[in-house]
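Working notes for the structure below.
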Amino acid sequence: MTVPISYYLVLAAVLFSIGVASFLIKRNIITIFMSIELMLNAVNLTFVAFAHMWHQITGQIFVFFVMVVAAAEAAVGLAIIIAIFRTRRTLNVDQVNLLKN
Amino acid sequence: MQLALFIIFGLLAVAGAINFLLQRHPINSALSLIVVMMSLAVLYWSLGAEFLAAAQVIVYSGAIMVLFVFVVMLLNAGEEERTHGSRAAYMAGVPGAAAIFCLLSFVFLSNGHAFGSTDLSSHLTNAVNNISQISSVLFRDLLLPFEVTSILILVAILGAVVLARKEQ
Numbered sequence: 048m049t050v051p052i053s054y055y056l057v058l059a060a061v062l063f064s065i066g067v068a069s070f071l072i073k074r075n076i077i078t079i080f081m082s083i084e085l086m087l088n089a090v091n092l093t094f095v096a097f098a099h100m101w102h103q104i105t106g107q108i109f110v111f112f113v114m115v116v117a118a119a120e121a122a123v124g125l126a127i128i129i130a131i132f133r134t135r136r137t138l139n140v141d142q143v144n145l146l147k148n
Numbered sequence: 004m005q006l007a008l009f010i011i012f013g014l015l016a017v018a019g020a021i022n023f024l025l026q027r028h029p030i031n032s033a034l035s036l037i038v039v040m041m042s043l044a045v046l047y048w049s050l051g052a053e054f055l056a057a058a059q060v061i062v063y064s065g066a067i068m069v070l071f072v073f074v075v076m077l078l079n080a081g082e083e084e085r086t087h088g089s090r091a092a093y094m095a096g097v098p099g100a101a102a103i104f105c106l107l108s109f110v111f112l113s114n115g116h117a118f119g120s121t122d123l124s125s126h127l128t129n130a131v132n133n134i135s136q137i138s139s140v141l142f143r144d145l146l147l148p149f150e151v152t153s154i155l156i157l158v159a160i161l162g163a164v165v166l167a168r169k170e171q
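This is how it looks when you write it as structure tokens:
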């Protein structure tokens with residue numbers, strides 16, 4: 048039994064849409080950061096599916112580089128979150144409004 | 004067999020993502036995101052990307068999510084409270100995400116015949132070739148970008164240390 052590649056792409060679309068929705072809905076800055084990781088994972092799934100479709104290894108290499116950059120981004124982003132929490136004493140994005148007024 | 008694998012772990016991934024969306028405590032969201040990443044690793048394996056399946060488990064669920072859980076515990080993050088902004092976010096977020104999903108799935112399904120289908124059995128016979136192919140591309144053709152990523156990681160380590168350091 049084989050699975051059409053388009054099913055994998057639709058699954059990636061489902062995960063990406065849930066990532067977008069939680070990015071917009073969530074108020075906690077750590078959870079917002081995690082939803083970015085969810086969107087990156089969904090895009091990685093489309094890369095692997097297309098690499099399988101074209102019988103090319105390049106898509107998998109691209110996913111490898113995305114993983115490396117995501118690891119670096121997570122380290123720096125979480126350090127920024129810690130710095131924000133030190134100065135503002137909150138994790139709610141609605142209360143980080145220093146530039147608003 | 005591949006269809007069964009896809010259905011089981013695809014549904015597990017979607018259920019984990021929906022649980023991620025609905026949970027209000029960050030630690031519950033982080034744990035359900037680990038479920039999504041683990042089931043995506045199985046899907047990578049079913050697409051013939053064994054190295055990426057292992058890297059997904061080790062790097063994403065092993066390193067990045069542990070970092071997230073560590074920061075959640077370090078900052079003692081509790082349940083998020085509903086604020087004035089969350090109502091506007093619901094109004095914009097749910098229809099926007101639904102529109103993105105409808106557009107993407109329409110494009111993918113209307114062009115579905117052009118994508119073809121997967122075949123697991125042909126990939127299991129040359130499972131070792133996948134890793135040797137990746138290594139030959141990564142260490143020979145793309146050696147310079149691979150080395151540049153090490154500099155990127157180094158800069159990220161320095162940036163994290165500088166940003167998270169206590170003010171003097």
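For the record, the sequence lines run as chains G and X.
For the numbering used here, count along the first sequence from 1 and bump the result up by 47.
For the numbering used here, count along the second sequence from 1 and bump the result up by 3.
Backbone N, C-alpha and C define an ideal beta-carbon position, used for all residues, glycine too.
Bounding residues of the alpha helix (DSSP H) (the contiguous stretch that carries residue i)
i                     : result
residue 134 (chain G) : 105-135
residue 39 (chain X)  : 29-49
residue 148 (chain X) : 146-167
residue 53 (chain G)  : 52-72
residue 91 (chain G)  : 76-101
residue 22 (chain X)  : 5-25
For residue i, the nearest candidate out of the options (CA to CA)
i                     : options                      : result
residue 149 (chain G) : X:66, X:32, X:92 and X:111   : Nothing can be reported for residue 149 (chain G), as the shown portion of chain G is limited to 48 through 148.
residue 66 (chain G)  : G:55, G:76 and G:87          : G:87
residue 102 (chain G) : X:164, X:167, X:119 and X:59 : X:119
residue 99 (chain X)  : G:72, G:78, G:141 and G:136  : G:72
residue 12 (chain X)  : X:155, X:47, X:70 and X:67   : X:47
residue 92 (chain G)  : G:129, G:144 and G:113       : G:113
residue 70 (chain X)  : G:110, G:129 and G:111       : G:129
residue 63 (chain X)  : X:78, X:75 and X:38          : X:38
residue 40 (chain X)  : X:95, X:20 and X:94          : X:20
residue 183 (chain X) : X:147, X:10 and X:52         : What the structure shows of chain X is the stretch from 4 to 171, and residue 183 (chain X) is not part of that stretch, so it cannot be assessed.
Close-in-space but distant-in-sequence residues of the same chain around residue i (CB under 8 Å, 5 per side omitted)
i                    : result
residue 31 (chain X) : 22
residue 96 (chain G) : 52, 55, 56 and 59
Within 9 Å, strictly: CB atoms of residue i and residue j
i                     : j                     : result
residue 107 (chain G) : residue 54 (chain X)  : yes
residue 133 (chain X) : residue 53 (chain G)  : no
residue 17 (chain X)  : residue 62 (chain G)  : yes
residue 159 (chain X) : residue 122 (chain G) : yes
residue 75 (chain G)  : residue 83 (chain X)  : yes
residue 49 (chain X)  : residue 50 (chain G)  : yes
residue 5 (chain X)   : residue 100 (chain G) : no
residue 78 (chain G)  : residue 29 (chain X)  : yes
residue 80 (chain G)  : residue 125 (chain G) : yes
residue 107 (chain X) : residue 57 (chain G)  : yes
residue 14 (chain X)  : residue 45 (chain X)  : no
residue 97 (chain X)  : residue 104 (chain G) : no
residue 131 (chain G) : residue 143 (chain G) : yes
residue 146 (chain G) : residue 135 (chain G) : no
residue 118 (chain G) : residue 137 (chain X) : no
residue 33 (chain X)  : residue 75 (chain X)  : yes
Cut-off 6 Å between Cβ atoms - residues of its own chain near residue i, not counting five sequence neighbours on either side
i                    : result
residue 36 (chain X) : 23
residue 98 (chain G) : 106 and 107
residue 80 (chain X) : 29
Contact with chain C by residue i, beta-carbon distance below 9 Å
i                    : result
residue 11 (chain X) : You won't find chain C in this structure, because its protein chains are G and X.
Near the ligand HEM: residue i beta-carbon under 8 Å from a heavy atom
i                    : result
residue 19 (chain X) : Among the ligands in the structure shown, none appear at all, so the ligand HEM cannot be discussed.
Which of the residues in the segment 72-93 of chain G, read from start to end, lie with their CB under 8 Å from any CB of chain X?
72, 73, 74, 75, 77, 78, 80, 81, 82, 84, 85, 88, 91 and 92
Which residues of the segment 48-67 of chain G have a Cβ closer than 9 Å to any Cβ of chain X? Give them in chain order.
48, 49, 50, 51, 52, 53, 54, 55, 56, 57, 58, 59, 60, 61, 62, 63, 64, 65, 66 and 67
What are the residues in the segment 126-144 of chain G lying within 7 Å of chain X by C-beta distance?
126, 127, 128, 129, 130, 132, 138, 139 and 141
Between the segment 33-47 of chain X and chain G, which residues of the former have a C-beta closer than 9 Å to a C-beta of the latter?
33, 36, 39, 40, 43, 46 and 47
Residues of the segment 137-151 of chain X with a CB closer than 8 Å to any CB of chain G: list them in chain order, please.
137, 140, 141, 145 and 148
Short-range partners of chain X found in the segment 102-121 of chain G, where Cβ spacing is below 8 Å
104, 105, 107, 108, 110, 111, 112, 114, 115, 116, 117, 118, 119, 120 and 121
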